[in-house]
Amino acid sequence: MALLAKSWALFTFSWVCASTVLAAYWFQVFCLCCILSLAFEVVAVFYLYSVYTCNRHIFWCGKGFAVLLCEFAYLANTYDKLERQVEKESEESGEPPSKRPSPFGGGGGGDHHCKGISKQPNQPSKCRKYREEYTLYGFKCIIINEVQHPQCVVCTEVLANESLKPVKMLRHLKTKHPFLAAKPTDFFRQKERDQTTIPTKAQKASYEVAYLTVQAKKPHTVGETLIKPAAIAMCRTMHGDKQARELEAVPLSDGTISRHITDMAQDIKCQLIDRVKQGKYDLQLDESLDVYSFDGTLNEDMLFCVPLEAKCTGEDIFTKLDSKLKEEGLSWDVCISVCTKGAAAMLGKKKGLKARVLQVAPHVNFTHCIIHREALASKMLDPELNSVLETATKMVNYIKSRPLNMRLFATLCSELESEHQGLLFHSDDRWLSRGKALSRLYELRDEVRLFLMEHDSQFADHLTDPDWLTRLAYLSCIFNKLNGLDMLLQGENTSIMTLNDKILEMGRIDMFPELEEFMEENGLSVDTVTEFITSHLQALLEHFNKFFPEEMAPEKYDWIRSLFTVTTTSPFNSKPLSEFWISVQKEYPQLSRAALDVLMPFGCMYLCEKTFSALTYIKNKYRSRLNVEDDLRVAVSKIKPRIDLLCSTHSAHPSH
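Residues in the sequence shown are numbered from 1 upward in steps of one, following full-length UniProt numbering.
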């Protein structure tokens with residue numbers, strides 16, 4: 001028995017050393033031969049001893065070792081078969097047998113290993129390859145992380161790469177689909193075609209839904225919680241259950257929509273960068289959007305959106321801007337201008353963004369947003385008119401800031417059958433609100449006077465003073481004019497020339513309708529208002545000239561739009577100026593370059609303001625942790641994502 005114990009210990013020790021420590025193919029063969037010879041000797045000794053002593057117990061013990069010997073023989077036969085299989089696979093794959101892993105789990109020295117799949121830390125298993133004959137077992141091939149995996153065409157279950165063996169795939173077929181085990185290969189090929197067609201269409205539909213979702217600036221969960229159930233319900237009602245079941249294959253989970261949006265954002269970004277690299281570009285920066293020439297037209301789009309650090313100095317802004325331009329392979333050499341709002345961090349002469357940009361690109365022009373300049377210019381009021389504005393604001397706040405007063409005033413307006421039921425708030429930060437608030441107060445001046453008199457408010461006296469009401473009517477008129485100018489200046493595809501033209505057109509003010517109506521109703525003379533109106537308009541004109549100097553006079557650019565003094569049938573008269581000058585770049589390169597240097601720079605920050613509005617809608621208090629750049633890019637960009645291309649580069653199967 002001691003000899004038996006030693007033999008078994010030797011067998012165990014040798015096998016463990018071969019499998020886990022040395023992992024050597026021929027060492028395992030050597031150990032197996034030693035163990036077999038030792039077993040022969042043990043069995044022979046016990047058998048002779050049992051015959052000599054006629055000890056039945058020892059005889060049966062020897063018989064047991066004979067059985068063990070038979071098992072070793074079976075093991076050796078199995079090993080021989082596996083060795084031949086290894087040699088056969090080596091011949092088919094072209095790999096030398098010495099490079100293939102051992103059939104008994106040894107390490108081997110193969111060069112082809114699955115990524116992220118290993119039985120032991122230092123022994124990665126080989127990466128198996130799919131073969132066409134595996135269709136007989138009901139499996140097709142899909143690629144996940146650049147590794148082939150078998151997927152059942154019946155239940156769509158995806159197995160590991162190690163399952164690319166006939167025995168494992170056949171076991172799956174017989175275990176989970178026994179009624180299909182005898183089906184021919186054509187049956188499974190048809191199943192594969194059916195399965196591939198539906199997911200491909202479903203994947204494209206998923207991209208389309210993701211695009212519409214982000215265009216509407218809705219949460220990513222709306223696809224799974226609303227759109228998909230609604231679509232299935234409508235399809236079931238209109239066409240029946242069969243078509244409705246097809247819609248269930250469309251993946252619209254939160255994660256899927258997020259991945260699709262990221263894919264589309266990257267595709268749009270690639271298209272944008274490729275276009276910008278083909279010509280010159282301008283930047284619109286508000287702590288970026290850009291305009292560029294592509295395909296004969298000027299295009300405006302969002303270049304990037306990145307968060308700034310705690311500090312927001314000109315150096316910080318330049319560092320972010322410069323690093324992003326270099327990251328995308330864009331050069332300052334082809335940048336024409338940068339449009340900003342004129343903050344110190346932007347236009348500082350020493351440490352501002354302008355100073356840093358001019359150090360690396362002296363040719364870049366900086367423009368101050370015309371809408372912002374117009375707002376600053378219109379803020380100019382003399383003390384007398386400013387007093388009227390402050391008093392009017394206090395009247396509105398007295399009624400609007402108290403819920404009871406607001407309800408009582410609404411009831412009063414309803415009883416008097418007034419056109420409006422309430423006043424509007426005024427804010428210095430929102431320029432359009434100033435004119436609207438004053439206009440509403442002027443229209444409801446009689447209702448406000450009655451309400452204030454009922455509450456014994458000191459503000460009621462102002463609404464009975466003709467001089468005060470005259471100035472209120474004038475402020476209502478002038479701010480409505482400025483509001484109209486502000487609205488005209490907003491919009492896309494505007495240049496400095498077109499915005500200056502609009503300012504000059506609005507500067508020709510020949511009448512104030514509200515003021516004229518009030519003076520006629522009260523029999524007031526024009527002489528009573530001439531002095532303060534003339535004084536304010538003169539101060540306003542001087543303030544506008546300060547923000548719109550003579551070097552921006554449109555006469556300097558007349559040659560751009562009045563190049564020809566005779567009637568012409570050329571595209572000059574039918575195309576926008578920017579498109580015309582782009583179309584003649586080859587014939588007149590110097591003229592075209594000079595004209596585009598004037599037409600391309602941004603005149604206002606409209607695109608930044610529009611993008612900020614989308615940002616506040618997308619990233620609200622319910623979605624504060626969202627990485628907003630991808631959603632924002634797809635939502636505001638005019639470039640369409642190439643959905644067909646994205647579908648062709650991504651695997652289409654229901655698990656996605």
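Note that CB positions come from ideal geometry on N, CA and C, so glycine has one too.
Could you tell me whether the Cβ atoms of F459 and M519 are closer together than 8 Å?
As a first step, residue 459 must be located in the sequence shown, where it is residue number 459. As a first step, residue 519 must be located in the sequence shown, where it is residue number 519. No, the Cβ-Cβ distance between F459 and M519 is not below 8 Å.
State the start and end residues of the unbroken alpha helix (DSSP H) segment that holds H172.
Here residue 172 is taken as the residue at index 172 of the sequence shown, counted from 1. Unbroken alpha helix (DSSP H) run through H172: 166-176.
Contact between the segment 441-455 and the segment 467-479: three or more CB pairs below 8 Å?
With a cut-off of 8 Å, the segment 467-479 and the segment 441-455 count as touching, because enough Cβ pairs lie within range.
Can you grab the Cα-Cα spacing for the pair N122 / E157, in whole Å?
The residue labelled residue 122 in the question sits at position 122 within the sequence shown. The residue labelled residue 157 in the question sits at position 157 within the sequence shown. Note that N122 has pLDDT 47, beneath the 50 cutoff, so the model's placement of it is unreliable and the number below is only indicative. Approximately 30 Å between the Cα atoms of the pair.
Rounded to the nearest angstrom, how far is the Cβ of residue 702 from that of V214, given a contact under 8 Å?
Not covered by the structure: residue 702. The range shown for the chain is 1 to 656.
Please list the terminal residues of the continuous beta strand (DSSP E) segment that includes K140.
In the sequence shown, the residue the question calls residue 140 occupies position 140. Note, K140: beta strand (DSSP E), 139-144.
Please classify Q151: is it buried, with 16 or more other beta-carbons within 10 angstroms of its beta-carbon, or exposed?
Here residue 151 corresponds to residue number 151 of the sequence shown, with the count starting at 1. When all chains shown are included, Q151 counts as buried.
Quick one: Cα of I643 to Cα of C608, how far?
Stepping through the sequence shown from its first residue, residue 643 is reached at position 643. Stepping through the sequence shown from its first residue, residue 608 is reached at position 608. So the alpha carbons of these two residues sit roughly 27 Å apart.
Would you report the Cα separation of D263 and S401, rounded to the nearest angstrom?
Working through the sequence shown from its first residue, we reach residue 263 at position 263. Working through the sequence shown from its first residue, we reach residue 401 at position 401. Computed Cα separation, rounded: 48 Å.
Indicate whether at least one CB of chain D lies closer than 8 Å to the CB of L226.
Absent here is chain D; the protein component of the structure consists of one chain.
Look at the alpha carbon of Q243 and the alpha carbon of Y130, and state the distance between them as a whole number of angstroms.
As a working mapping, residue 243 is identified with position 243 in the sequence shown. As a working mapping, residue 130 is identified with position 130 in the sequence shown. Computed Cα separation, rounded: 34 Å.
For A210, does the count of other Cβ atoms within 10 angstroms reach 16, so buried, or fall short, so exposed?
Mapped onto the sequence shown, residue 210 falls at position 210. Classification of A210: buried, given that the 10 Å Cβ count is 16 or more.
I need the boundaries of the beta strand (DSSP E) containing P251, first residue and last residue.
Looking up residue 251 in the sequence shown gives position 251. Note, P251: premise wrong, no beta strand (DSSP E); not H, not E.
Is it true that the CB of L646 sits closer than 8 Å to the CB of M302?
Your numbering for residue 302 matches position 302 in the sequence shown. Your numbering for residue 646 matches position 646 in the sequence shown. Contact flag unset, no.
In angstroms with no decimal places, state the Cα-to-Cα distance between P229 and C235.
The residue given as residue 229 occupies position 229 in the sequence shown. The residue given as residue 235 occupies position 235 in the sequence shown. Cα-Cα distance, rounded: 10 Å.
Using C-beta distances below 6 Å, list every residue in its chain close to E192, excluding the 5 sequence neighbours before and after it, in chain order.
Taking the first residue of the sequence shown as position 1, residue 192 is located at position 192. Closer than 6 Å at Cβ, skipping near neighbours: K140, V153.
In whole angstroms, what is the alpha-carbon distance linking N397 and L408?
Locating residue 397 in the sequence shown gives position 397, where the first residue counts as 1. Locating residue 408 in the sequence shown gives position 408, where the first residue counts as 1. Each residue's Cα considered, the two are about 14 Å apart.
Helix, strand or coil: how does DSSP classify T367 here?
Numbered from its first residue, the sequence shown carries residue 367 at position 367. It is a strand residue.
Give me the Cα-Cα distance between P641 and Y588, rounded to the nearest whole angstrom.
If you number the sequence shown from 1, residue 641 lands on position 641. If you number the sequence shown from 1, residue 588 lands on position 588. C-alpha separation (whole angstroms): 35 Å.
Quick one: give me the first and last residue of the beta strand (DSSP E) that S648 is part of.
On the sequence shown, position 648 is the one that residue 648 refers to. Taken as a continuous stretch (DSSP letters only), S648 belongs to no beta strand (DSSP E), being part of the alpha helix (DSSP H) at 643-648.
What does the Cβ neighbour count give for L452, buried or exposed, with the cut at 16 atoms within 10 Å?
If you number the sequence shown from 1, residue 452 lands on position 452. L452 should be labelled buried.
Looking at C-alpha atoms only, which residue of E514, S418, K218 is the closest neighbour of Y622?
Taking the first residue of the sequence shown as position 1, residue 622 is located at position 622. The shortest Cα separation from Y622 among E514, S418, K218 belongs to K218.
Label E514 either buried or exposed according to how many other C-beta atoms from any shown protein chain fall within 10 Å of its C-beta, with 16 as the threshold for buried.
Start at 1 with the first residue of the sequence shown, and residue 514 comes out as number 514. Flag for E514 reads buried.
Pairs of beta-carbons, one from the segment 272-280 and one from the segment 322-332, closer than 8 Å: are there three or more?
Yes: at least three Cβ pairs fall under 8 Å.
Can the beta-carbon of V306 be found closer than 8 Å to that of K324?
Walking along the sequence shown from the start, residue 306 turns up at place 306. Walking along the sequence shown from the start, residue 324 turns up at place 324. Going by C-beta atoms, V306 is nearer than 8 Å to K324.
What are the uninterrupted segments assigned as alpha helix (DSSP H) that are 4 or more residues long and contained completely in the segment 405-465, given in chain order?
Whole alpha helix (DSSP H) segments, 4+ residues: 431-443, 445-454.
For E338, which residues does DSSP report across the bridge?
Along the sequence shown, read from residue 1 onward, the residue named residue 338 stands at position 338. Inspection of the sequence shows that residue 338 is occupied by Val rather than by Glu. Answer is L283, F366.
On the DSSP bridge list, what partners appear for P150?
For the purposes of this step, residue 150 is identified with residue 150 of the sequence shown, where counting begins at 1. In the DSSP output, where bridge partners are listed per residue, P150 has C141.
Measuring CA to CA, which of S439, P403, L404, T135 is closest to E419?
Here the question's residue 419 lines up with position 419 in the sequence shown. If we check each option's Cα against that of E419, S439 comes out closest.
Please state whether the Cβ-Cβ distance between K351 and G314 is less than 8 Å.
Locating residue 351 in the sequence shown gives position 351, where the first residue counts as 1. Locating residue 314 in the sequence shown gives position 314, where the first residue counts as 1. Cβ atoms of K351 and G314: closer than 8 Å.
So for V158, helix, strand or coil by DSSP?
Counting from one through the sequence shown, the residue named residue 158 turns up at place 158. In the structure shown, V158 sits in a strand (DSSP, three-state: E or B).
Between the C-alpha atoms of E390 and E384, what's the straight-line distance to the nearest angstrom?
Locating residue 390 in the sequence shown gives position 390, where the first residue counts as 1. Locating residue 384 in the sequence shown gives position 384, where the first residue counts as 1. Their Cα atoms are separated by approximately 10 Å.
With distances taken Cα to Cα, identify the nearest neighbour of A258 among V628, T649, K277.
To locate residue 258, count along the sequence shown from 1; it is residue 258. For the sequence presented, residue 258 should be read as Ser rather than Ala. Out of V628, T649, K277, V628 has the C-alpha closest to the C-alpha of S258.
Which residues in the same chain have their Cβ closer than 7 Å to the Cβ of W468, if we skip the five residues on either side of it in sequence?
Within the sequence shown, numbered from 1, the residue matching residue 468 stands at position 468. V388, H462.
Mapping DSSP to helix, strand and coil, what is D631?
One-based indexing of the sequence shown puts residue 631 at position 631. Three-state DSSP puts D631 in a helix.
Could you tell me which residues DSSP puts in a beta bridge with E384?
For the purposes of this step, residue 384 is identified with residue 384 of the sequence shown, where counting begins at 1. According to DSSP, which records beta bridges pairwise, E384 is partnered with nothing at all.
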